[in-house]
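One structure is given below, encoded as structure tokens.
Residue numbers (mature numbering (1 follows the signal peptide of the UniProt record, and there is no 0)): -20 to -1, 1 to 836.
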């Protein structure tokens, strides 16, 4: 076969290969309204209307001549979420991934955006827009790690995050292979066509892989400056052998620059450098040299051992004229400003030549969420399609989905799933047993069916909420053996069989109400017999106690008459808080309210009141542990002027009839004649909100944690104001009366003053002890209302966001408080100065403004 016949055979093969490549191209017009074909390139573009469920298409005001794909863009909300496009890939195949951004002209009041771009869990780039007409191009060369990749936009710091186009281009199997591709992507920093005839870039169809080769004439700040004198542009129309490893386009190799004075030098800014890089230089002899002419040169700057010492002799390296030589610099360290130069060797008659240059930065591939964990949460997403959004990418990175928490390990593990009341339907995925790092699973209030799957591998699980579903079947015996389990809630399901013994031992918080088929003990009929026996015993005991009470009342009446006859005067004895007592102040305690606990039980629980953990207005607070393992806070109230007695009566009467997850629950009480009153509350492991804001380490109080605490406290107050009939005014809202449980959830406490402010003496006490929190309108009206609670809660919110105390001579001077201070800063527009320094760098300005507006 002659050469011409071979050439004619190769052409259709190449066209067929190019056509195959084109069919695999993915070209997404983000914000576009329809699908179309670009006339200039022949590329088919699709709208993202059916791909992306979030964001808003926006018309772009750009200079004339803009191609169709840049006439619209997609803007995303300014929030902490990420918005991801999912692209299908073949695992272990190499691809070029490209995202482009053209914002267009600014409108009044707008600012140019800055935001982050991610590829899977790997930070790709910080996109900073500062030129309306420029198209910002971000390219990454990857070897796909799975059958899909996610390209995500998130974390805007100014303006609204957006994207114009997203493209995926498969590469030839041998192209861009490195020894490091298992652990690193290649982020394209520069791809330059030297000697280009115009400023136009070269891409498809001239490059069958649709790489974009920028012209060296492009007008861009600090782009190819410091050009050596004697640099000239040359070109040819002759065919060049380009069948090398990287297959650069013929059109690019047909142009070049030459150093007629023996030197080629340039300076170039490289984004996100210094860094380790892979660099490719493309040399092709496109000038006709005479027989006695040679072209030999070396890399002089930057000096790289091995590379700088090697002589580039195109005639030898590329086996003749019109052939390509592409030396590669596989791992070199380059600075932000790259100064490079090639110089001819002493025995060369012609200066150096350069056709093209490619520089790519090695980007460490970040770990995606553990695959097994991802599979489970994606299964839950499908079960709850109504509320679990798509286009969120990796569950944990760069920010977690709103209904999960993640660890900081590599790879990240999911530690918490919160799907309460999310309309989750179907059976719990059995793969949940693979989530060894899971500590909390909240699935309450859904429509889950079927049995509880095997979760015996969840050795770190502490809290499990399954209540208010339609789950069936027996409770597995291993539930009592999960080493970390602290709380299990299964009420209002259809579980059946025997409850594992450890669940009812008191070591685990356990609620199984509303499961008629469940029983505790070895045999149902045994439980029935025991129940009947207990009922009979209780009935006989009540008859006996009734008789004693009749006798006791008769004796008291006789004794009282005798005292009156003798003229004895003085303070009458306090009545015990029995089921029949009418408490001072007119608060009647209904039968079956707070439990009366004996003094001996309290002394045993508190080790004779030895572990003092705090001091309140009317007494001290002690840590205790009851016989059943329940941890308690015991408040011993001693007050010679009966105000403590008033508070005691008030708290018992109120807390006996109100129950809410954001109010500290009252477990029981003790009262005796000698003016000793004791209240027993559920123990709050993390103390007061005040402690965490002002006195202890604040490192764990990030912005989201503070918002959650504010929401918890607000729900507690809202219940008092609107969920109780009649409504309850707390009248003492402050950070020291907001407690934090073992999970750092906030609960409102201290109801001793609620609805009990009846005399000016007590009110004056409140004013003194709640300085800085009190509603200024009180001083005029002398009355506290629901609005007073709301005002005080606003002070709490200011403390949360600023980390400052309500009143402080050091911070504000004698004439100001936290409200005056905050108002003065807001008036200047300096809202960021209000933020606690502990969170200043991790919260968006927009979020702070919204919070402060609510506070004020």
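Even glycine gets a Cβ: it sits at the ideal position worked out from N, Cα and C.
The region 314 to 332 contacting the region 219 to 236, beta-carbon criterion three pairs below 8 Å: no
CB contact flag (residue 132, residue 64, <8 Å): On the chain shown, residue 132 is found 152 positions in, with the first residue counted as 1. On the chain shown, residue 64 is found 84 positions in, with the first residue counted as 1. Yes; because the gap between Cβ atoms is below 8 Å, this pair is in contact.
Per-residue DSSP class, three states only, for residue 321: Residue 321 sits at position 341 when you count from the first residue of the chain shown. Three-state result, residue 321: strand.
Whole-angstrom distance between residue 72 and residue 157, CA atom to CA atom: For the purposes of this step, residue 157 is identified with residue 177 of the chain shown, where counting begins at 1. For the purposes of this step, residue 72 is identified with residue 92 of the chain shown, where counting begins at 1. Spanning the two alpha carbons is a distance of roughly 11 Å.
Residue span of the beta strand (DSSP E) that contains residue 116, given as start and end: If you number the chain shown from 1, residue 116 lands on position 136. Unbroken beta strand (DSSP E) run through residue 116: 116 to 123.
Secondary structure of residue 332, DSSP reduced to three states: Here residue 332 is taken as the residue at index 352 of the chain shown, counted from 1. Looking at residue 332 - three-state DSSP - the assignment turns out to be coil, as it is neither helix nor strand.
Cutoff 7 Å; reference residue 16; Cβ partners in own chain excluding five residues on either side: One-based indexing of the chain shown puts residue 16 at position 36. Hits under 7 Å: 25, 48.
For residue 177 and residue 216, believed in contact at Cβ under 8 Å, the rounded distance: Taking the chain shown and counting its residues from 1, one reaches residue 216 at position 236. Taking the chain shown and counting its residues from 1, one reaches residue 177 at position 197. Rounded, the Cβ-Cβ distance is 12 Å, inconsistent with contact.
The beta strand (DSSP E) enclosing residue 355, as first and last residue numbers: Counting from 1 along the chain shown, the entry for residue 355 is found at position 375. Element bounds for residue 355: not the beta strand (DSSP E) but the alpha helix (DSSP H), 351 to 363.
Rounded straight-line distance, which links the Cα of residue 299 to that of residue 151: In the chain shown, residue 151 corresponds to position 171, counting from 1. In the chain shown, residue 299 corresponds to position 319, counting from 1. C-alpha separation (whole angstroms): 26 Å.
Beta-carbon contacts of residue 214 that lie in its chain and below 8 Å, excluding the five residues immediately before and after: Counting from 1 along the chain shown, the entry for residue 214 is found at position 234. Same-chain partners within the cutoff: 175, 235, 236, 237, 238, 266, 267, 333.
Contact check, residue 250 vs residue 320, beta carbons under 8 Å: By 1-based counting over the chain shown, the position of residue 250 is 270. By 1-based counting over the chain shown, the position of residue 320 is 340. No, the Cβ-Cβ distance between residue 250 and residue 320 is not below 8 Å.
Contact check, residue 375 vs residue 345, beta carbons under 8 Å: For the purposes of this step, residue 375 is taken as residue 395 along the chain shown, with counting starting at 1. For the purposes of this step, residue 345 is taken as residue 365 along the chain shown, with counting starting at 1. Contact: no.
Simplified DSSP state of residue 407, which is helix, strand or coil: Working through the chain shown from its first residue, we reach residue 407 at position 427. Here residue 407 sits in strand by DSSP.
8 Å Cβ shell around residue 832 - same chain, five flanking residues per side excluded: Here residue 832 refers to the residue found at position 852 of the chain shown. Only 781, 802, 806, 811, 814 meet the Cβ criterion.
Among 179, 754, 106, nearest to residue 798 - alpha-carbon criterion: As a working mapping, residue 798 is identified with position 818 in the chain shown. The shortest Cα separation from residue 798 among 179, 754, 106 belongs to 754.
Cβ-Cβ separation, residue 309 to residue 259 (assumed contact under 8 Å), whole Å: Start at 1 with the first residue of the chain shown, and residue 259 comes out as number 279. Start at 1 with the first residue of the chain shown, and residue 309 comes out as number 329. With a Cβ gap of about 4 Å, residue 259 and residue 309 count as contacting.
Inter-residue spacing [alpha-carbon to alpha-carbon] between residue 155 and residue 119: Within the chain shown, the letter at position 175 stands for residue 155. Within the chain shown, the letter at position 139 stands for residue 119. Distance between the alpha carbons of residue 155 and residue 119: 15 Å.
Alpha carbon of residue 364 to alpha carbon of residue 138, nearest angstrom: As a working note, residue 364 is residue 384 in the chain shown. As a working note, residue 138 is residue 158 in the chain shown. Approximately 33 Å between the Cα atoms of the pair.
Three or more C-beta pairs below 8 Å linking the region 408 to 416 and the region 453 to 462: no
Cβ contact check for the region 601 to 616 and the region 481 to 493: 3 or more pairs under 8 Å: yes
C-beta atoms of residue 169 and residue 284 nearer than 8 Å: Within the chain shown, residue 169 is the residue found at index 189, counting from 1. Within the chain shown, residue 284 is the residue found at index 304, counting from 1. It is not a contact, given that the beta carbons lie outside the stated cut-off.
The alpha helix (DSSP H) enclosing residue 297, as first and last residue numbers: Position 317 of the chain shown, counted from the start, is the residue given in the question as residue 297. Note, residue 297: alpha helix (DSSP H), 294 to 297.
Cutoff 6 Å; reference residue 430; Cβ partners in own chain excluding five residues on either side: Sequence index remark: in the chain shown, residue 430 carries index 450 (1-based). Answer for residue 430: 407, listed in chain order.
For residue 79 and residue 837, the rounded distance between their alpha carbons: No information on residue 837 is available, as it lies outside the stretch -20 to 836 that the chain covers here.
Short Cβ contact (8 Å threshold) for residue 263 with residue 335: Position 283 of the chain shown holds residue 263. Position 355 of the chain shown holds residue 335. In this structure, residue 335 lies closer than 8 Å to residue 263 by Cβ.
Inter-residue spacing [alpha-carbon to alpha-carbon] between residue 498 and residue 663: Along the chain shown, one-based indexing puts residue 498 at 518. Along the chain shown, one-based indexing puts residue 663 at 683. Whole-angstrom Cα-Cα distance: 30 Å.
Three-state secondary structure (DSSP) of residue 728: Residue numbering aside, residue 728 sits at position 748 when the chain shown is read from its first letter. Residue state, collapsed to three classes: strand.
Residue closest to residue 437, alpha-carbon to alpha-carbon, out of 423, 464, 422: Residue mapping note: residue 437 aligns to position 457 of the chain shown, counting from 1. Of the listed residues, the one whose Cα sits closest to residue 437 is 464.
Three-way DSSP call (helix, strand, coil) for residue 55 in this model: Numbered from its first residue, the chain shown carries residue 55 at position 75. Of the three classes helix, strand and coil, the one that applies to residue 55 here is strand, per DSSP.
For residue 258, the first and last residue of its enclosing beta strand (DSSP E): What you label residue 258 is simply residue 278 of the chain shown in a count that begins at 1. It spans 255 to 264 - the beta strand (DSSP E) in which residue 258 sits, taken as one unbroken run.
Residue 62 - DSSP class collapsed to helix/strand/coil: Taking the chain shown and counting its residues from 1, the one referred to as residue 62 is at position 82. The answer is strand: DSSP assigns residue 62 an E or B state.
Residue range of the unbroken beta strand (DSSP E) whose run includes residue 102: Position 122 of the chain shown, counting from 1, holds the residue named residue 102. That run of the beta strand (DSSP E) goes 102 to 108.
Same chain, Cβ closer than 8 Å to residue 42, neighbours up to 5 away in sequence not counted: The count along the chain shown starts at 1 and reaches residue 42 at position 62. Result list for residue 42: 50, 51, 82, 84, 85, 112, 113, in chain order.
Chain-order list of residues whose beta-carbon lies under 8 Å from that of residue 281 (same chain, five-residue window excluded): Here residue 281 refers to the residue found at position 301 of the chain shown. Closer than 8 Å at the Cβ level, and outside the excluded window around residue 281, lie 245, 319, 320, 321.
Within 8 Å, strictly: CB atoms of residue 728 and residue 644: Reading the chain shown from its first residue, position 748 is the one you call residue 728. Reading the chain shown from its first residue, position 664 is the one you call residue 644. In contact: residue 728 and residue 644 (Cβ atoms closer than 8 Å).
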